[in-house]
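Numbering (this note's numbering), first residue to last: 321 to 567. The C-beta atom is built at its ideal place from N, Cα and C for all residues, glycine as well. None of the values given here were measured: they were computed from a predicted structure. Presented below is the structure to which this report refers.
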Amino acid sequence: MSTVLEVEKVSKAFGGVVANREVSLSVPEGAIIGLIGPNGSGKTTLFNSIVGYHPIDAGSIRFRGEELSRLRTPQIARRGLLRTFQQTRIFGKMNCIENMQISVPHADDSLGTMFSRFDESVTGRAEQLLKFVGLYPKRYLRAGDLSFGQQKLLEFAMALMNKPKLLLLDEPTAGINPTLINGLIDRLKRANAEFGITLFVIEHNMRVIMNLAEHIYCLAHGELLAEGDPDQVQNDQRVIGAYLGAG
Numbered sequence: 321m322s323t324v325l326e327v328e329k330v331s332k333a334f335g336g337v338v339a340n341r342e343v344s345l346s347v348p349e350g351a352i353i354g355l356i357g358p359n360g361s362g363k364t365t366l367f368n369s370i371v372g373y374h375p376i377d378a379g380s381i382r383f384r385g386e387e388l389s390r391l392r393t394p395q396i397a398r399r400g401l402l403r404t405f406q407q408t409r410i411f412g413k414m415n416c417i418e419n420m421q422i423s424v425p426h427a428d429d430s431l432g433t434m435f436s437r438f439d440e441s442v443t444g445r446a447e448q449l450l451k452f453v454g455l456y457p458k459r460y461l462r463a464g465d466l467s468f469g470q471q472k473l474l475e476f477a478m479a480l481m482n483k484p485k486l487l488l489l490d491e492p493t494a495g496i497n498p499t500l501i502n503g504l505i506d507r508l509k510r511a512n513a514e515f516g517i518t519l520f521v522i523e524h525n526m527r528v529i530m531n532l533a534e535h536i537y538c539l540a541h542g543e544l545l546a547e548g549d550p551d552q553v554q555n556d557q558r559v560i561g562a563y564l565g566a567g
């Protein structure tokens, strides 16, 4: 299995606060990889570095063999690497179909595509993906009127509109009604299997990440603490100590 993302000795500090220190990890193509760690361990900072939201201080980030650390976020997105957020980034006054349609320019940021009328193929794909995430009956409802869990499903569908090769998900189940979590896990697994999208997932819900990921990395105090399959990680005394200490 080839490596789609390679993070090598990446460091990032904000003033005197070191958020990531020489973090190295890899994500195989077609896999579902997890990233866990106590609050403040540097998980979101690492995701932000990968997708170009801020420059790294040292190290290397390669996507499909290409160095990303000098590229800007739109350039990285056009290569097929996207992320979602802990707090959803949707357009609340637009309906679900409109949110899906305007997400397409992430793949092509030219003015022509941003202001052109959307053809039937775009609308058709939007409807197909809204069916996939279970939001088709709500396609004409304003996104701001959806529940928080439904907004996360919409954001997931919006990311899928761009046909990403690698999708970074930042706590996809946070704030979601427990009754919706199993459905979301199922859709993440189906997106991986049916669409061939590699997933790299930050998740605090241990039950979720243990059922979802095939390999898990754990950060603590900005450094890589442990890695392995779910059984190895959840039984690692260093991981248990990091979470108990944080608690």
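Looking at the structure shown, is residue i part of a helix, part of a strand, or coil, going by DSSP?
{"i": "Leu-487", "result": "strand"}
{"i": "Asn-502", "result": "helix"}
{"i": "Gly-379", "result": "strand"}
{"i": "Asn-419", "result": "helix"}
{"i": "Glu-475", "result": "helix"}
{"i": "Arg-403", "result": "strand"}
{"i": "Glu-543", "result": "strand"}
{"i": "Glu-534", "result": "coil"}
Hey, could you find the ends of the beta strand (DSSP E) residue i is sitting in?
{"i": "Phe-411", "result": "Per DSSP, Phe-411 belongs to no beta strand (DSSP E) and is neither H nor E."}
{"i": "Pro-358", "result": "Here Pro-358 belongs to no beta strand (DSSP E), and DSSP marks it neither H nor E."}
{"i": "Lys-329", "result": "323-334"}
{"i": "Ser-344", "result": "337-348"}
{"i": "Val-521", "result": "518-522"}
Going by C-alpha distance, which of the options is nearest residue i?
{"i": "Arg-445", "options": "Gly-454, Gly-360, Ile-417", "result": "Ile-417"}
{"i": "Ile-381", "options": "Phe-411, Val-330, Thr-404", "result": "Val-330"}
{"i": "Tyr-620", "options": "Gly-548, Arg-399, His-541", "result": "For residue 620 there is no data in the structure shown, the boundaries of the chain being 321 and 567."}
{"i": "Asn-512", "options": "Leu-488, Ile-496, Arg-527", "result": "Leu-488"}
{"i": "Tyr-537", "options": "Gly-357, Asn-531, Tyr-373", "result": "Gly-357"}
{"i": "Gly-495", "options": "Lys-472, Pro-484, Leu-508", "result": "Lys-472"}
{"i": "Thr-518", "options": "His-524, Leu-504, Met-526, Leu-480", "result": "Leu-480"}
Report buried or exposed for residue i, applying the criterion of at least 16 other Cβ atoms within 10 angstroms of its Cβ.
{"i": "Lys-451", "result": "exposed"}
{"i": "Glu-514", "result": "exposed"}
{"i": "Val-521", "result": "buried"}
{"i": "Val-337", "result": "exposed"}
What are the boundary residues of the alpha helix (DSSP H) that residue i is part of?
{"i": "Val-424", "result": "Taken as a continuous stretch (DSSP letters only), Val-424 belongs to no alpha helix (DSSP H), as it is neither H nor E."}
CB-CB under 7 angstroms to residue i, same chain, minus the five flanking residues each way: which ones, in chain order?
{"i": "Ala-427", "result": "For Ala-427, the predicted structure reports a pLDDT of 45, less than 50, and the residue's modelled location is therefore unreliable. The matter cannot be settled from this model."}
Please go through the same chain and pick out, in chain order, the residues whose beta-carbon is closer than 6 angstroms to the beta-carbon of residue i, but skip the five residues on each side of it.
{"i": "Leu-345", "result": "Val-327, Tyr-537"}
Going by beta carbon distance, what residues of the same chain come within less than 8 angstroms of residue i, once the five residues before and after it are set aside?
{"i": "Phe-435", "result": "Residue confidence is low: Phe-435 scores 46 on pLDDT, short of 50, so the model does not pin down where it sits. No coordinate-derived value is stated."}
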